[in-house]
Amino acid sequence: MNIGDAAGASGVSAKMIRHYESVGLLPRVGRTQAGYRQYADKDVSVLRFIRHCRDLGFSLDRIRELLDLWQNRRRSSRQVKSLAQAHIAELDEKLKELQQMKATLEHLVRCCHGDDRPDCPIIETLESGGRVATARATRGARPRAGLRAGARR
């Protein structure tokens, strides 16, 4: 099958198929006399495997390791589990970072008047290189009705 058919069957774009081939995740495939790539069913299986790994957020290096383990039928499941557990730890760290970003943005949004005034703690924080403009921002911030200052909704 050609690259378009392989893309449709695997759910991976033709551009990404070429990329995976160029970085060695997908073995080089045969070509027609006209130079078009020709994919077999096993190539589509590899592409699906890669896509599922990417859907779970694995890096290309980790996918390479997982592909090696997938193709090695003598592997121990301990190796696979260890890779998955390491990835979970990485995801947990990313989640913490995202939660911190969200909390900072929520604080800035609470401090921003959102009216016709030009002063804006969100812009001031971005301008200052990310240092939260709390002192100036909180001076004019009023708690929302029904909430204590500093309370979360």
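Numbers given in my numbering equal positions in the sequence shown, counted from 1, plus 12. For each residue, glycine too, the CB sits at the ideal point set by N, CA and C. None of these values were measured; they are calculated from a predicted model.
{"query": "Same chain only: Cβ atoms within 6 angstroms of Tyr51, ignoring 5 sequence neighbours per side", "result": "Met13, Ala18, Val41"}
{"query": "Contact check, Leu72 vs Leu95, beta carbons under 9 angstroms", "result": "no"}
{"query": "Cβ contact check for the region 47-65 and the region 94-108: 3 or more pairs under 8 angstroms", "result": "no"}
{"query": "N-terminal and C-terminal residue of the alpha helix (DSSP H) that Leu110 is part of", "result": "89-123"}
{"query": "For Arg129, three-class secondary structure by DSSP", "result": "coil"}
{"query": "Inter-residue Cα distance where the pair is Glu118 and Arg86", "result": "50 angstroms"}
{"query": "Whole-angstrom distance between His125 and Pro133, CA atom to CA atom", "result": "9 angstroms"}
{"query": "Collapsed DSSP secondary structure at Gln50 in the structure displayed", "result": "strand"}
{"query": "Beta carbon of Ser22 nearer than 9 angstroms to that of Leu59", "result": "yes"}
{"query": "Local conformation of Gly142 per DSSP, three classes", "result": "coil"}
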